[in-house]
Ligand SMILES: Cc1cc2nc3c(=O)[nH]c(=O)nc-3n(C[C@H](O)[C@H](O)[C@H](O)COP(=O)(O)OP(=O)(O)OC[C@H]3O[C@@H](n4cnc5c(N)ncnc54)[C@H](O)[C@@H]3O)c2cc1C
Ligand SMILES: Nc1ncnc2c1ncn2[C@@H]1O[C@H](COP(=O)(O)O)[C@@H](O)[C@H]1O
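Shown next, in the form of structure tokens:
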């Protein structure tokens, strides 16, 4: 049976947008394999996700609902995912914090190969080939996975979110597989959410990103600019490390990967690790006082200047444009 | 506490934009680039050292740090420098990068764990050449141990670790009991990220990783470095096979604009991005 299983990301009663990107992958992969795709959702209230997931064209929506799946932990989720996955050719989730934590563990349970963060799926004589960035996006490798089940995570920005098909998929309950000893030796303590009313970084059409140069004025300067643009805020590692902004804003090789229509790099030098997370943006604008900063080499529009003057002026003028 | 640290050496990550792909796409050519330890593995070693000492008097190890690397003879340079930095013992598993994938490294590490019996296996969250991001999580499953992946803070407790993990949207705190697998994220080497039970809560580390003092580099030559063959640990084949490589689409530098008005004009009329 050459079918594809999507592991949905579901939290606080909501299906995450990441799942829709994984479904887009599944449509292509299932078509290439001549099979179908199903969606598995796990959680203590997973049933709540069924209506939304059933619209995405899956052969089935599989629901693993159990109190033991209250707060996500790889140790408690992996056994059930692995058990269900045994009947599929490919298991996929988005390369979010969730997918990158859980799916390699699932691969371990299945003695399967795992390819992370893939940006394209190709098919050659019925075999799936996966394209994935390596060396901070400076090379792409095209790989095949030689195991009965193939496990992958997909880069959200490379797969447009799947739209509803108009049909409604049937749903089915699945049992919880027994956890190993590991589950008894890990305890979920607490989650401190960073308040964020802005669009999700990975999904925003416009991203305003700030670097070390913004110092303590990071939000003071970027909030109004992001408001004027309806943008998400991102950051370089240096801005995160220095505590100028929340760590989950980091864009780059080891942070979030974004590909918005418009990306502003403000006071960011353009280290390769940063470029790895934003190089695929459609239009890149950078503001930097150093005319030789590497960021200019990949920017469509570069403005050499002091951001402390440029950003307020830009914000003012954008507001004026918006006001008509 | 006994910690096994997995160290990989990679082609200089800061020059990764100099990697070349030959026209036939047969490989990634890193010729001319220097070998460096994977930065996350440097962080893993620093983390292991912090967990096995009193920060104030860090010459004495409270426990043992064993470093392991899979690779050809040259990786011994990486292992020696880890010994100089403070690790007690090193193991090199003879193989080439082509013989490995994430699953095999995890399988072989699991086998080593049987004899080494560490309380913690400490790894980087990803190797920045392959960006594969998997060995720690696979290993944890193979061992049936808890996994603390992408750890940004660690507090040693009596029989385990309190771990702060940077996840999408915030920080998740979990507690794992020994033995456990930890993979470290960037901010693990911030001044207040890691505390052993011996280190005073008021103590502040220097930011980043420590460097080996000169005499330690000499002494490190006398520390034990064992070699094993890959076949002693696993005879399986890699599951991931690369069929070809491609260069990323090139991105050209655009234009410099003179001021904000010029920028807005371009964004509106040329890029149609506003
Ligand atoms: C393992 C590893 C992983 C990493 N992962 C990431 C990652 O995912 N994302 C990431 O971003 N980085 C990452 N980095 C860090 C990366 O190498 C750089 O150190 C970092 O991106 C630099 O941030 P920055 O551009 O804000 O700071 P800097 O490099 O210090 O640049 C600041 C810039 O601001 C400009 N500037 C200063 N004052 C002004 C002013 N008044 N007006 C205008 N411009 C001004 C300067 O000219 C300079 O170009 C990683 C590093 C390592 C080792
Ligand atoms: N060849 C290797 N030798 C030693 N450790 C490795 C090797 N490959 C991977 N690792 C460890 O596994 C971590 C994650 O690597 P990866 O899953 O390949 O991105 C690295 O940061 C290392 O700690």
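Chains as they are written, first to last, in the numbering used here: chain A, 3 to 326; chain B, 11 to 284. The beta-carbon is built from N, C-alpha and C at its ideal position, and this holds for glycine as well.
| Item | Value |
| --- | --- |
| By Cβ distance below 7 Å, which residues in the same chain neighbour residue 242 of chain A in space, the five residues on each side in sequence not counted? | 249, 251 and 252 |
| Taking 8 Å as the line, does the beta carbon of residue 239 of chain B fall inside it for any heavy atom of ligand 2? | no |
| With respect to 8 Å, is the separation between the Cβ of residue 155 of chain A and the closest non-hydrogen atom of ligand 2 below this value? | no |
| Would you mind working out which of A/195, A/113, A/229 and A/178 sits nearest residue 250 of chain B, comparing C-alpha positions? | A/113 |
| Which residue from B/113, B/196 and B/73 puts its Cα closest to that of residue 240 of chain A? | B/196 |
| Along chain B, which residues have their Cβ under 8 Å away from the Cβ of residue 334 of chain A? | With chain A represented from 3 up to 326, any question about residue 334 of chain A goes unanswered, as that position is not in the structure. |
| Give me, in chain order, the residues of the same chain whose beta-carbon lies closer than 6 Å to that of residue 124 of chain A; leave out the 5 immediate sequence neighbours on both sides. | 131 |
| From residue 188 of chain A to residue 87 of chain A, what does the alpha carbon distance come to, in whole angstroms? | 24 Å |
| Return the residue from the list A/47, A/79, A/93 and A/128 that minimises the CA-CA distance to residue 36 of chain A. | A/128 |
| Tell me the rounded alpha-carbon separation between residue 47 of chain A and residue 108 of chain A. | 22 Å |
| Any beta carbon from chain B within less than 9 Å of residue 292 of chain A's own beta carbon? | no |
| Tell me which residues of the region 248-265 of chain A have at least one Cβ-Cβ distance to chain B shorter than 9 Å, keeping chain order. | 248, 249, 250, 252, 255, 256, 257, 258, 263 and 264 |
| Check residue 108 of chain B in the structure and name its three-state DSSP category. | helix |
| Quick one: does residue 160 of chain B have its CB under 9 Å from some CB of chain A? | yes |
| Evaluate contact between the region 212-221 of chain B and the region 275-288 of chain A, counting only Cβ atoms and requiring at least three cross-stretch pairs below 8 Å. | no |
| At a threshold of 8 Å, does residue 193 of chain B count as lining ligand 1 (C-beta to nearest heavy atom)? | no |
| Spell out a yes or no on whether the region 52-63 of chain A and the region 137-151 of chain A are touching, meaning 3 or more CB-CB pairs, one atom from each, closer than 8 Å. | no |
| Tell me whether residue 178 of chain A, by its Cβ, gets closer than 8 Å to a heavy atom of ligand 1. | no |
| May I have all residues whose beta carbon comes closer than 7 Å to any heavy atom of ligand 2, sorted in chain order? | B/16, B/17, B/18, B/48, B/50, B/51, B/54, B/78, B/79, B/80, B/81, B/107, B/110, B/112, B/115, B/133, B/134, B/135, B/136, B/137, B/140, B/141, B/142, B/143, B/144, B/145, B/146 and B/193 |
| Under 7 Å Cβ to Cβ from residue 246 of chain A, same chain only, skipping five residues before and after it: list those, please. | 216, 217, 218 and 220 |
| What in chain B is Cβ-close to residue 193 of chain A, meaning under 9 Å? | 177, 179, 180, 181, 182 and 183 |
| Tell me the rounded alpha-carbon separation between residue 239 of chain B and residue 103 of chain B. | 5 Å |
| Pull every residue with its beta-carbon under 5 Å away from any heavy atom of ligand 1, and keep them in chain order. | A/213, A/214, A/215, A/238, A/239, A/240, A/254, A/255, A/256, A/257, A/269, A/270, A/271, A/273, A/275, A/276, A/290, A/291, A/292, A/295, A/308, A/309 and B/49 |
| I'd like the span of the alpha helix (DSSP H) that includes residue 202 of chain A, first residue to last. | Element bounds for residue 202 of chain A: n/a, residue is neither H nor E. |
| How about residue 150 of chain B and residue 184 of chain A: do their beta carbons lie closer than 9 Å? | yes |
| Identify which residue in B/254, B/110 and B/173 has its Cα closest to the Cα of residue 34 of chain B. | B/254 |
| Touching or not, the region 124-140 of chain B and the region 268-279 of chain B, by the rule of three or more beta carbon pairs under 8 Å? | no |
| CB residue 2 of chain A to CB residue 104 of chain A, shorter than 9 Å? | Residue 2 of chain A lies beyond the residue range present for chain A, which begins at 3 and ends at 326; the question has no answer from this structure. |
| Short of 8 Å in beta carbon distance, which residues of its chain neighbour residue 235 of chain B, apart from the five on each side in sequence? Order them along the chain. | 86, 89, 90, 93, 99, 100, 101 and 102 |
| Specify the secondary structure class of residue 58 of chain A as computed by DSSP and reduced to three states. | helix |
| By Cβ distance, which residues of its chain are closer than 6 Å to residue 95 of chain B, with the 5 residues on each side in sequence left out? | 222 |
| List the DSSP bridge partners of residue 99 of chain B. | B/76 |
| Rank B/111, B/130, B/237 and B/105 by C-alpha distance to the C-alpha of residue 55 of chain B and give the top, closest one. | B/130 |
| Please classify residue 252 of chain B: does DSSP put it in a helix, a strand, or coil? | strand |
| If contacts are defined as beta-carbon pairs under 8 Å, then residue 209 of chain A and residue 268 of chain A qualify, I think. What distance do you get, rounded to the angstrom? | That pair is no contact at about 11 Å. |
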